[in-house]
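First to last, the sequence lines map onto chains P and Y. Counted from 1, the first sequence has number 174 at position 174 by this note's numbering; the numbering is strictly sequential. To convert a position in the second sequence, counted from 1, into this note's numbering, add 1000. Even glycine gets a Cβ: it sits at the ideal position worked out from N, Cα and C. Below you'll find the structure, written out as structure tokens, and then a few comments.
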Amino acid sequence: MPNIQIKNLSKTFGYIKALRNVKLEISDGEYVGILGPSGCGKTTLINCITGIIEPDEGSEIRIDNKNVIGLPIEDRGFAMVFQSVTLFPHMTIQENVEYPTRMMDKTEQEVQIQSDTALKLVNLLAEKKLYPRELSSGAQQAAAVARAIAKESKLLILDEPISALDAKVRTELRYQIRGLVKKLGLTAIHITHDQQECLSISDRVVLMKNGNIHEINTPNNLYQFPKSLFTLNFVGETNFFEGYILQKKEKSMVVRLRHNIRILVPDESSLKVGESVVLAIRPENVRIASRETKGTSIQGKVIESRFAGSFYRIAIRLSTDDTVLADYEGPLHLDKVVYVSFDPNRTQAFSIPKDGLMEEISLE
Amino acid sequence: MTFKQRKINASLFLDYFSAFSSSRLLSKIFYFFVLAFFLFLILTPTVYVIFYLFGQSEVVIAYFQTQPEAFNMIQEALFYSVSVAVIVSIVDLIFGIPLAWLLVRGMLSGRIKTILNILIELPLAVPTAGLGLSVALFWGVVPGISSPPFSLRIITSALPILVLFHFTTTFPYVVRSLAAILEEIDVYLEIAGRTCGASSFTAARTITFPLFRSGVATSLILSLAKSLSDTGGVMSVLSATQISVWTGTVLIGTWKHEIDIPARVNLDLIPPLAFLCVAMIFIALILMSTSRLIAKRVKIPIKKVWYETERKLSEKRSITTRNTLAIVFLGLFVLIPSFFLILYIPIGFTSSSLQVDWFRFFGSIANSLIVSIVATTINVLLGVPLGIFISRKKNRISNFFNVLVDIPYVVPSSALGFSVGLFWNAQQLISNQLFFVIMAHSAMTFPFIVRNVIGGLEDLDLYYEETARTLGARNFQIFYLITLPIIKFSIIAGIIMSFTRSVGETGATLAVATGFETAPVFIVNLINEHQFFNASLAIIALIVCTSLVILVLRTTFGQKKVRRV
Chain P
1 MPNIQIKNLS KTFGYIKALR NVKLEISDGE YVGILGPSGC GKTTLINCIT GIIEPDEGSE
61 IRIDNKNVIG LPIEDRGFAM VFQSVTLFPH MTIQENVEYP TRMMDKTEQE VQIQSDTALK
121 LVNLLAEKKL YPRELSSGAQ QAAAVARAIA KESKLLILDE PISALDAKVR TELRYQIRGL
181 VKKLGLTAIH ITHDQQECLS ISDRVVLMKN GNIHEINTPN NLYQFPKSLF TLNFVGETNF
241 FEGYILQKKE KSMVVRLRHN IRILVPDESS LKVGESVVLA IRPENVRIAS RETKGTSIQG
301 KVIESRFAGS FYRIAIRLST DDTVLADYEG PLHLDKVVYV SFDPNRTQAF SIPKDGLMEE
361 ISLE
Chain Y
1001 MTFKQRKINA SLFLDYFSAF SSSRLLSKIF YFFVLAFFLF LILTPTVYVI FYLFGQSEVV
1061 IAYFQTQPEA FNMIQEALFY SVSVAVIVSI VDLIFGIPLA WLLVRGMLSG RIKTILNILI
1121 ELPLAVPTAG LGLSVALFWG VVPGISSPPF SLRIITSALP ILVLFHFTTT FPYVVRSLAA
1181 ILEEIDVYLE IAGRTCGASS FTAARTITFP LFRSGVATSL ILSLAKSLSD TGGVMSVLSA
1241 TQISVWTGTV LIGTWKHEID IPARVNLDLI PPLAFLCVAM IFIALILMST SRLIAKRVKI
1301 PIKKVWYETE RKLSEKRSIT TRNTLAIVFL GLFVLIPSFF LILYIPIGFT SSSLQVDWFR
1361 FFGSIANSLI VSIVATTINV LLGVPLGIFI SRKKNRISNF FNVLVDIPYV VPSSALGFSV
1421 GLFWNAQQLI SNQLFFVIMA HSAMTFPFIV RNVIGGLEDL DLYYEETART LGARNFQIFY
1481 LITLPIIKFS IIAGIIMSFT RSVGETGATL AVATGFETAP VFIVNLINEH QFFNASLAII
1541 ALIVCTSLVI LVLRTTFGQK KVRRV
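Here you go:
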């Protein structure tokens, strides 16, 4: 069973620490998405697992309980799909998909069966005599997936496999890949910088920042109840307000914002009265009303109203001098006075980071 | 007239000029002249010898019937030229591929890579006549001098010494071109192969190698052409070791000399010499098309896998062995023999008296510089428009010229030189030796400029020129303001290549004119007179002069990575 254990994984390039003591466990049959801004170390992590680069001394990577450090790429027992189409241009689709089985000392018949099965899974059996350049880029990448599957490894590594494709093809292919992985009972590690893609296909998301694993969570919790301000800011969009705790009540607390405006939010037990906090709320959890609700709403003026597909994105200048983004079903007139309230179950309070909010949420 | 008015007038004139110079008719007339001059100055003289030989075929047959030893000499010359070229090219590939692999895929640190690159290119700075002397001193026995320390003195026969000499002239080119082509192949294809379970050797064999074939053909042709056409170095190495044997280019040089010796002008030799030149040209063409064909036809098995053997070959130990062998080859067969001359200089300094004929010395260097500069200037004036024509006008005529441009590159330079001399002599317009030499050098180095311009334009997206057009620029303005500044570096690279090639050339000079001493000819003559120390000094002086000119070119026009051929 291909469970993966990574301990103390570090990689230094000159003065740059690309990975700092990464620890990660992936269990059998899991679809793990690795997400993070560019330069966060996700590619380095995958290059260390695959053996394209060797990590620093003392690092430990076990695949299937076998330490793979020092082993050549071909002996690590995984299949891989790359960001660029790496189909071999001088071979037909069939020859490409046969390639991994030919490396395994099998009979001609077995090679045929295995490659045909893999091609059937991605619906490319009819195109098998074509050369890669004769297929669309989406079909080429699907063929690359078939080639990886034909290897019959239990571990599949996907390095931004669909980032370079058109939006429509991208959505189709990502569900197709997840479906295949689940159907065949594989373990998958899928790297991407596209959060929507990552959240929609992963069982578990590993969010990386600055050479470290920042947070590991299920897609739902990562979005709804993230453990940090960085996650909140990186995944989806968020409004931030700074204030301090005025008073703690049963299951809720009163936070004072600028201009002595008070707001009621769910209690966070670790926070104390008098402590400075950052409130975070996503635009879809901001309510807009034309009448005031005493104690929970803040007055504001519409300063922008943008069409965003199934909803309108409204920017409102609050009486606290903060600007808040809210999702609303229709357009609103500029300068219209509205009252904004926050969904109490979806508002999170964090104690203010010691290097300040901007430093905490920066992608560097 | 006020300054302002003058400025307006000037800009009106520029407008008028650019409108006129951008008109369709003018551009047609211009290109017609460029093509006509290319045909007349470069191409016709180059192939003139073939037409001449057809007219003289009976004379040639009669000559060989009365002088059978001449025919034997030709046979010997061709045998040595061909066998040396073939052996050298194959060995170059055997060691060149691992070395190029190490350079491009070897995960070397930046500094080591730079050092290795410099080491590989270093022998290119030495004129081949100098390499010949250096190789003779290292491998061979040079009678009449006290040998420098560490000289091996083990080679006394012709074939091995010629092969050893040609490694120094061809190996750097082969490695450079192989590395440049390997660089273009996506390394991730090979990594993908390994994630499919292929060992690194299997992945290289089944994936990179099939994509690399045309590159191998290019390198093979490069080393064949280079070793078939070298004259000065072969003359130096044979003369210094006193091994007497004919090769194609040496025989061309020698016969041409006999034809023109003032005391006994031997015009009878012209037809058989034309025969020899044509034979060399055809051999070059045949070898080159054969290597292209082999590279195209030979199929590398991509479905078969030899598990055990290939796994063993992928092990670290095998890779280290392979890299070590390639580096040892570079050191022992290329670098040390190329620069062994340095060890001779202190010995020469103490044992021989310095009797340099300074007049001849500086005269020859001045001749070399004049020839190279004028020939390169002609090449720039003709080659830049021709390069633009070939890469921008995609039609049948440009395709035709695209093929023609490479002819002077494939033809051995001494055969080319003889052909040029024959052509201009037949015209009886000009009998100036300097003019002959310039025409020969210009024909020989012409492809460098054109190929660099074409290469530069291919990298340059048409998009820039089209953008300029949408902004209202005319043809001439586009050329002057957009195209030229961008391909400037390619042109400079071409100029440097054309210039260095011309400065180091012996064969073409000897075959086109007699008694005209350029620096390499002077060096060969000194070696023939066994003045090795003086020759060494002349070699160093020539290296210094060439480097200075290149330095001036680079500092004047800015520096950029020289385009690899």
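Item to complete: Please specify which runs of the alpha helix (DSSP H), each continuous and at least 4 residues long, are wholly inside the region 1141 to 1200 of chain Y, giving them in chain order.
Response: Within the region 1141 to 1200 of chain Y, the complete alpha helix (DSSP H) runs of at least 4 residues are 1158 to 1184 and 1187 to 1195.
>> Contact criterion: CB-CB distance below 8 Å. Does Glu74 (chain P) meet it with respect to chain Y?
In response: Yes, its Cβ sits closer than 8 Å to a Cβ of chain Y.
Whole-angstrom Cβ separation of Leu1041 (chain Y) and Leu1404 (chain Y), contact assumed at under 8 Å? Rounded to the nearest angstrom, the Cβ distance from Leu1041 (chain Y) to Leu1404 (chain Y) is 13 Å, too far for a contact under 8 Å.
Nearest-angstrom beta carbon gap, Thr44 (chain P) and Ala18 (chain P) [assumed within contact, 8 Å]:
Between the beta-carbon of Ala18 (chain P) and that of Thr44 (chain P) there is about 4 Å, and that keeps the pair under the 8 Å contact cut.
Asp159 (chain P) by DSSP, collapsed to three states: which one? Strand.
**Item:** Ala150 (chain P) beta carbon less than 8 Å from that of Gln114 (chain P)
**Value:** Remark: C-beta atoms of Gln114 (chain P) and Ala150 (chain P) approach each other more closely than 8 Å.
Output needed for Thr1156 (chain Y): all residues of its chain with C-beta closer than 8 Å, excluding positions within five of it in sequence on either side, in chain order. Apart from the 5 residues on each side of it in sequence, Thr1156 (chain Y) sits with its Cβ closer than 8 Å to the Cβ of Gly1140, Val1141, Thr1241 and Ile1243 in its chain, given in chain order.
**Prompt:** Can you list the residues of chain P that Gly1197 (chain Y) reaches, using a CB-CB cut of under 7 Å?
**Reply:** Within 7 Å Cβ-Cβ: Glu74, Pro100, Met103, Met104 and Lys151.
Quiz prompt | Bridge-paired residues (DSSP) for Glu364 (chain P) | solution = Glu364 (chain P) has no beta-bridge partner at all, per DSSP.
Margin query: Here's the rule: buried if 16 or more other CB atoms are within 10 angstroms of the residue's CB, otherwise exposed. What is Gln94 (chain P)?
Written below: Classification of Gln94 (chain P): buried, given that the 10 Å Cβ count is 16 or more.
| Short check: CB of Leu35 (chain P) to CB of Thr192 (chain P), under 8 Å? | The beta carbons of Leu35 (chain P) and Thr192 (chain P) sit closer together than 8 Å.
Task: CB contact below 8 Å: His90 (chain P) versus chain Y - done: Judged by the 8 Å Cβ criterion, His90 (chain P) is in contact with chain Y.
Quick check on the burial criterion: 16 or more other C-beta atoms within 10 angstroms. Buried or exposed for Ser1351 (chain Y)? Counting Cβ neighbours within 10 Å, Ser1351 (chain Y) comes out exposed, since fewer than 16 surround it.
Runs of alpha helix (DSSP H) wholly within the region 241 to 299 of chain P (minimum 4 residues, chain order):
Listed in chain order, there is nothing to give.
Using only the alpha-carbon positions, how far apart do Val1565 (chain Y) and Phe1448 (chain Y) sit?
With a pLDDT of 40 at Val1565 (chain Y), under the threshold of 50, the predicted position of this residue should be treated as unreliable, though the coordinate-derived value follows. Rounded to the nearest whole angstrom, the C-alpha separation of Val1565 (chain Y) and Phe1448 (chain Y) is 9 Å.
Q. For the 8 Å Cβ check, are there 3 or more pairs between the region 1306 to 1313 of chain Y and the region 1099 to 1110 of chain Y?
A. Contact between the region 1306 to 1313 of chain Y and the region 1099 to 1110 of chain Y is not established, with fewer than three Cβ pairs separated by less than 8 Å.
* To do: Could you tell me which of Y:Ser1089, Y:Ala1538 and Y:Ile1118 sits nearest to Gly1363 (chain Y), measuring between CA atoms?
  => If we check each option's Cα against that of Gly1363 (chain Y), Y:Ala1538 comes out closest.
*asked:* Residues of chain P with CB closer than 7 Å to the CB of Lys1296 (chain Y), please, in chain order.
replied: Neighbours of Lys1296 (chain Y) on chain P: none; closest Cβ ~13 Å, over 7 Å.
Please determine if the region 1212 to 1222 of chain Y and the region 1481 to 1493 of chain Y are in contact, where contact requires at least 3 C-beta pairs separated by less than 8 Å. Short answer: they don't touch.
- Task: Using only alpha-carbon positions, find the residue among Y:Ala1375, Y:Ser1398 and Y:Tyr1344 that is nearest to Ala1136 (chain Y).
- Result: Nearest to Ala1136 (chain Y) by alpha-carbon distance, out of Y:Ala1375, Y:Ser1398 and Y:Tyr1344, is Y:Tyr1344.
Next on the checklist: Give me, in chain order, the residues of the same chain whose beta-carbon lies closer than 6 Å to that of Ala1274 (chain Y); leave out the 5 immediate sequence neighbours on both sides.
Outcome noted: Excluding residues within five positions, the ones whose Cβ falls inside 6 Å are Val1049, Tyr1052 and Leu1053.
Taking 8 Å as the cut-off, decide whether the C-beta atoms of Met1280 (chain Y) and Pro1385 (chain Y) are in contact. Judged by beta-carbon spacing, Pro1385 (chain Y) lies beyond the 8 Å limit of Met1280 (chain Y), meaning their Cβ atoms are not closer than that value.
With 16 other CB atoms within 10 Å as the buried threshold, where does Asp105 (chain P) fall? The residue in question, Asp105 (chain P), is exposed, as its Cβ has fewer than 16 Cβ neighbours within 10 Å.
> Between which two residues does the beta strand (DSSP E) carrying Ala1513 (chain Y) extend?
Replying inline: First-last for Ala1513 (chain Y): undefined, no H or E at that position.
**Prompt:** Out of P:Ser270, P:Ala326 and P:Val338, which has the shortest C-alpha to C-alpha gap to Ile298 (chain P)?
**Reply:** When each option's Cα is compared against that of Ile298 (chain P), the closest is P:Val338.
Problem set entry | When P:Ile201, P:Asp322 and P:Gly41 are compared against Gly211 (chain P), the one with the closest alpha-carbon | Closest option to Gly211 (chain P), Cα to Cα, is P:Gly41.
With 8 Å as the threshold, decide whether the Cβ of Val1305 (chain Y) is near any Cβ in chain P. Yes, Val1305 (chain Y) counts as interfacial toward chain P.
3-residue-minimum beta strand (DSSP E) runs that sit fully inside the region 1460 to 1492 of chain Y, ordered along the chain:
With a minimum length of 3 residues, there is no unbroken run of beta strand (DSSP E) contained wholly in the region 1460 to 1492 of chain Y.
task = Give the residues of chain Y in contact with Ser163 (chain P), contact being defined as C-beta atoms less than 8 Å apart.
result = When 8 Å is used as the limit between beta carbons, Ser163 (chain P) is near no residue of chain Y, the shortest such separation being about 14 Å.
Within 8 Å of any Cβ in chain P, is that where the Cβ of Pro1301 (chain Y) sits? Chain P contact via Cβ: absent.
Between the region 1330 to 1342 of chain Y and the region 1115 to 1135 of chain Y, can you find at least three pairs of beta-carbon atoms closer than 8 Å? The answer is yes - the region 1330 to 1342 of chain Y touches the region 1115 to 1135 of chain Y, with three or more Cβ pairs under 8 Å.
Fill in: Contacts around His214 (chain P), its chain only, beta-carbon distance under 8 Å, and the 5 residues preceding and following it disregarded
Annotation for His214 (chain P): Gly36, Leu207, Met208, Ser228, Phe230 and Thr231 place their beta carbon closer than 8 Å to its own, counting only its chain and skipping 5 residues before and after.
Worksheet item: If you draw a straight line from the C-alpha of Glu360 (chain P) to the C-alpha of Glu275 (chain P), how long is it?
Response: Taking the straight line joining both Cα atoms gives about 18 Å.
**Q.** Same chain, Cβ closer than 7 Å to Ala1375 (chain Y), neighbours up to 5 away in sequence not counted
**A.** Correct list, in chain order: Ile1438, His1441, Ser1442, Thr1445 and Ser1502.
Ser1314 (chain Y) classed as buried or exposed, judged by whether at least 16 other C-beta atoms fall within 10 angstroms: Label assigned to Ser1314 (chain Y): buried.
What is the DSSP secondary structure of Met1235 (chain Y), counted as helix, strand or coil? In the structure shown, Met1235 (chain Y) sits in a helix (DSSP, three-state: H, G or I).
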